[in-house]
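Since the structure comes first, as structure tokens, the remarks are kept for the end.
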Amino acid sequence: MPFLFSSSLSSSRRRDDTVVVRRRRALARRLTVAFCAGLSVWLILQCMMSLVERSPVVVASVSISRGTAIDFDDMTVEQVPASVVTESAFHTTEDATGLIAQVDIAKGEPIMRSMASKTPVIGTDQTAVEVTLASSTTTLMPGRHVRLVAADRVLAESALVLTVPDQGSGESDGLLSGKAESETVTIALTADEAMAVLAAQQEGPVLAVTIATEAEPDPTAPPE
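Quick note on numbering that gives the first Met the number 0: the sequence shown kicks off at 0 and runs consecutively.
Written out as structure tokens, the structure reads:
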């Protein structure tokens, strides 16, 4: 009898061990299946993302005012899906550093090549003159050309604007907009034009008239 009881107890333990092993194996299989399923989804997503070509695009990290120089710290580079639009954007911060913003650029906005132009270059037969204008300077931008006029004559037919007051200062509206302050801009002039402008400033107000875009020479072209 003791022998039979011992055999029965041993068989019961083996059955219990077998059930535990089966449960562990089933749990291991479920975990393996879940892991493989997750890995498959991840691989599929990686494959799909690799099919979408991405391109570096320069983005404004701060708001940039129209007419101001773009600084290296004003930009960051982000990877975005490539498209026809991204082809027109700057791809490195070095390419845009030092350029003049042609429009207001909001923080987080991609900087397109049409939004910035090179710093204007003075011609070999010109000099930089600070001109105090009675007219508004808010429409003036570095690299653009203006006509300088006095009360009775034209002082310069096509003068290149080099620098303008900070557009964000709120003090560049000039006499014609109701403010008493005149604004000083730096303009490239020939020697004769410079003498005429300096003399005219002693006699009365000097106005700057923006020249139509179609008539403007390329401000980024090197001097002849």
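Glycine residues also receive a C-beta, built at the ideal position from the N, C-alpha and C atoms.
Helix, strand or coil at residue i according to DSSP, with G and I counted as helix
i      : result
GLU129 : strand
GLU77  : strand
ILE210 : coil
LEU139 : coil
ARG152 : coil
THR118 : coil
GLU215 : Residue confidence for GLU215 is low, a pLDDT of 47 falling below 50, so the modelled location carries little weight and cannot support an answer.
Own chain residues within Cβ distance below 8 Å of residue i, not counting five before or after
i      : result
VAL58  : MET74, THR75, VAL76, GLU77, GLY107, GLU108, PRO109, ILE110
ASP94  : VAL57
THR118 : ALA68, GLY97, LEU98, ILE99, PRO141, GLY142
TRP41  : none
Identified DSSP bridge partners for residue i
i      : result
ALA68  : ILE99
MET111 : ALA88
PRO55  : GLN78
THR189 : GLN125
ARG146 : VAL208
LEU159 : HIS144, ALA187
Same chain, Cβ closer than 7 Å to residue i, five either side skipped, listed in chain order
i      : result
THR85  : SER54, VAL56, VAL79
VAL148 : LEU154, LEU206, VAL208
THR92  : VAL57, PHE71, MET74, VAL76
ALA127 : ILE121, LEU161, THR185, ALA187
LEU30  : none
Spatially closest choice to residue i from the options, by CA coordinates
i      : options                       : result
ALA199 : SER87, VAL32, LEU154, GLY37   : LEU154
ARG65  : GLN101, CYS46, VAL32          : GLN101
GLU156 : VAL18, PRO164, ALA193, MET114 : ALA193
ILE69  : ARG23, THR96, ALA105, PHE89   : THR96
LEU132 : ARG146, ARG22, ILE121, THR189 : ARG146
SER116 : VAL40, ALA88, GLU129          : ALA88
VAL61  : ALA105, VAL18, LEU44          : ALA105
ARG152 : LEU44, GLU52, ALA195          : ALA195
THR255 : CYS46, ALA25, GLN125          : No information on residue 255 is available, as it lies outside the stretch 0 to 223 that the chain covers here.
HIS144 : PHE34, VAL40, ALA25, ILE210   : ILE210
6 Å CB neighbourhood of residue i in its chain, flanking five on each side removed
i      : result
HIS90  : PRO55
PRO204 : ALA133
(request) Could you say if the region 184-204 and the region 149-164 meet the contact criterion of at least three C-beta pairs nearer than 8 Å? (result) yes
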